[in-house]
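First up is the structure itself, then whatever we jot down about it.
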Amino acid sequence: MNNIRLRFPPSPTGKFHIGSARTALFSYLYARKMGGTFVLRLEDTDQSRSTKEFEENIMEGMEWLGLNWDEGPIPGTNKYKGDFAPYRQIERFREGLYQPYIDKLFKEDRAYYCYCTPEELEEEKKAQAEKKEAPKYTGKCRECSKEKIEQYEKEGRSKVVRLRLNPEIIKYKDIIKGDIEFDMALYGDPVIVRSDGMPLYNFVVVVDDLTMKITHVIRGEDHISNTPIQIAIYKALGAGVPEFGHLPLTLTPDKKKMSKRFGDISIDKYKKEGYLKEALINFAALLGWSSGTEQEIYSKEELEKVFSLARVQKSNAIFDVERLNWLNGVWIRKLSLDRITAECIPYLKEAKLINDDFDRIYVEKVISLVKERLKILSEVIDLTAYFFKDLVLNPEKLVFRKSTIETTKQGLEDVIILFEDTPMSKWPLNVDEMNNLMNEAKNMHNLSNGDVFWPVRYALSFSEASPSPAELLTVLPKEVSLKRLKAALKSLS
Ligand code: GLU
């Protein structure tokens with residue numbers, strides 16, 4: 001491993017959703033491509049909103065997608081892997097890891113206490129609004145006299161720590177967005193430590209990225225306005241600045257912002273509904289990245305080789321669920337029958353179509369018949385239910401529109417005779433032989449396809465849109481097929 005280090009630092013204040021997965025994926029892919037290190041750090045300083053459940057949800061989602069981190073928390077334990085533990089900010093705070101950096105800023109006069117009350121700050125804002133100025137902290141406490149400070153302390157006022165910003169132009173070259181500059185005169189001195197002593201995001205993220213030797217910060221565009229403040233903090237600490245890259249926003253099709261609290265799109269929900277991790281990775285990669293070729297289908301392993309930050313687009317990415325469904329179908333057809341069967345089994349079990357001692361070979365045959373039509377794994381329930389139990393037979397549907405009840409009955413009768421005559425040792429015949437047999441039945445009384453193939457299909461599958469009757473016959477046990485054909489025949493008399 002070289003010294004290229006990227007991190008994914010989610011706040012465990014919501015479930016792992018597709019937007020976060022995309023951010024994690026891009027950092028992961030770049031780390032893998034460059035032979036670097038991928039770090040997971042939990043930014044849980046907002047203790048009122050962070051929960052263990054969300055932490056677990058994020059880590060489970062990442063593990064499921066295969067976004068394996070080289071350093072960070074070890075799930076299910078309180079332990080960490082990596083040289084820069086702990087990888088939870090609240091623990092880093094409790095261990096006093098941020099304090100030396102705060103002290104350094106004070107020592108170099110780049111930090112100061114601010115005693116302004118919320119009411120005073122509100123008044124400032126109002127006055128600025130009246131003058132049609134953009135709201136910003138005026139820097140009232142910047143040059144507070146000793147006496148004033150003593151007075152505030154005596155009054156028992158609470159205080160925050162602010163960073164003293166220089167009124168400079170901060171420029172940087174964003175890996176994705178290109179040259180960016182900010183006029184810091186437009187920013188008020190930011191709070192870096194709250195009155196209860198808890199340091200805030202912009203400060204802790206810098207200290208952590210610095211101490212964890214992060215070289216590339218890849219994150220969502222919504223963080224771009226934080227970047228100049230973070231660069232100012234790096235500079236105030238006398239530290240080198242990492243490379244920054246801001247990923248385009250992912251918008252809903254109606255161009256609305258997606259958010260973590262958009263519960264509908266959490267990764268666990270997609271998993272539950274029957275999306276494959278391969279499809280989600282492929283989909284997330286295309287949310288803002290393209291190879292510049294026609295290729296659209298990518299495995300994670302392939303992406304690890306071809307991904308480049310230079311090919312991340314600047315403009316917003318649109319979250320198109322149709323594309324995700326299409327990709328899922330493509331991946332279902334691409335993966336081995338064994339794997340898709342394994343993926344389908346939980347759905348069949350949940351729907352009580354199979355129990356624990358199910359026949360794996362039979363299930364695999366069933367899946368092989370419907371694999372082409374599956375777009376989302378949960379659809380396997382409706383597509384295959386009749387392979388596991390009888391459904392409701394509607395006699396009217398047995399009769400093809402150009403057939404009559406009489407010809408349909410004849411067709412079923414002839415098929416039953418031929419099937420019964422076929423010795424068990426020869427069953428199941430292959431698809432061609434089954435078709436031959438049904439053609440033979442057709443010829444016995446000069447019937448049409450609609451008199452034979454149509455009712456056989458419906459009798460066996462209780463559906464007009466199923467695999468062909470010959471395919472059904474090769475998979476369904478002979479006695480089940482015969483029982484259903486006889487029941488169909490009976491229903492017409
Ligand atoms: N904890 C921040 C978030 O979840 C991380 C932002 C960053 O990458 O700096 O949005």
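Here the UniProt record's numbering is used: the first residue of the sequence shown is 1, the next is one more, and so on. C-beta: ideal position from N, C-alpha, C; glycine also.
Asked	Found
Rounded C-alpha distance that separates S20 from K107	38 Å
Every unbroken alpha helix (DSSP H) inside the stretch 323-399 [4 residues or more]	337-350, 360-370, 380-384 and 395-398
Simplified DSSP assignment, three categories, for G188	coil
F182: first and last residue of the uninterrupted alpha helix (DSSP H) it sits in	No alpha helix (DSSP H) contains F182, which is instead part of the beta strand (DSSP E) from G178 to D183.
Coarse secondary structure for Y98, derived from DSSP in three states	coil
Environment of ligand 1 in chain order, Cβ to heavy atom below 5 Å	P9, P10, S11, E43, V205 and R219
Among V204, K305 and M424, nearest to G96 - alpha-carbon criterion	V204
Buried versus exposed call for I218 [16 or more other C-beta atoms within 10 Å across all chains shown]	buried
CA-to-CA distance, K365 to G14, given in whole angstroms	40 Å
Close Cβ partners of L482 (< 8 Å) along its chain, the five nearest in sequence each way excluded	I416, F419 and E420
Nearest residue (CA-CA) to L165, options M198, P428 and I233	I233
Element boundaries [beta strand (DSSP E), containing I170]	I169 to D174
As assigned by DSSP and simplified to three states, the class of L412	helix
Same chain only: Cβ atoms within 7 Å of C344, ignoring 5 sequence neighbours per side	I367, L377 and V380
Host alpha helix (DSSP H) of E471 (start-end)	P469 to V475
Contact check, L6 vs F38, beta carbons under 9 Å	yes
Residue range of the unbroken alpha helix (DSSP H) whose run includes T77	Note, T77: premise wrong, no alpha helix (DSSP H); not H, not E.
DSSP three-state assignment for I417, whether helix, strand or coil	helix
Cut-off 7 Å between Cβ atoms - residues of its own chain near L25, not counting five sequence neighbours on either side	L67, I281, A284 and A285
Through-space distance from R323 to T252, alpha-carbon basis	13 Å
Reduced DSSP category for A317 - H, G, I as helix; E, B as strand; rest coil	strand
DSSP bridge partner residues for V160 (one or two, in chain order)	C114
Inter-residue spacing [alpha-carbon to alpha-carbon] between S27 and F8	7 Å
Inter-residue spacing [alpha-carbon to alpha-carbon] between G292 and Q313	11 Å
At least three beta-carbon pairs within less than 8 Å, the stretch 225-239 to the stretch 126-133	no
CA nearest to the CA of F29, picked from P428, W69 and R49	The displayed chain sequence assigns Leu, not Phe, to residue 29. Of the candidates P428, W69 and R49, the one whose C-alpha sits nearest the C-alpha of L29 is W69.
For S48 and K126, the rounded distance between their alpha carbons	29 Å
Range of the contiguous beta strand (DSSP E) that encloses R401	Counting along the chain, R401 falls outside any beta strand (DSSP E), and DSSP gives it neither H nor E.
CA nearest to the CA of K173, picked from S463, G220, D189 and P242	P242
C-beta contact flag for S461 and Y386 at 9 Å	yes
Per-residue burial, V207 [other beta carbons within 10 Å of its own, 16 or more giving buried]	buried
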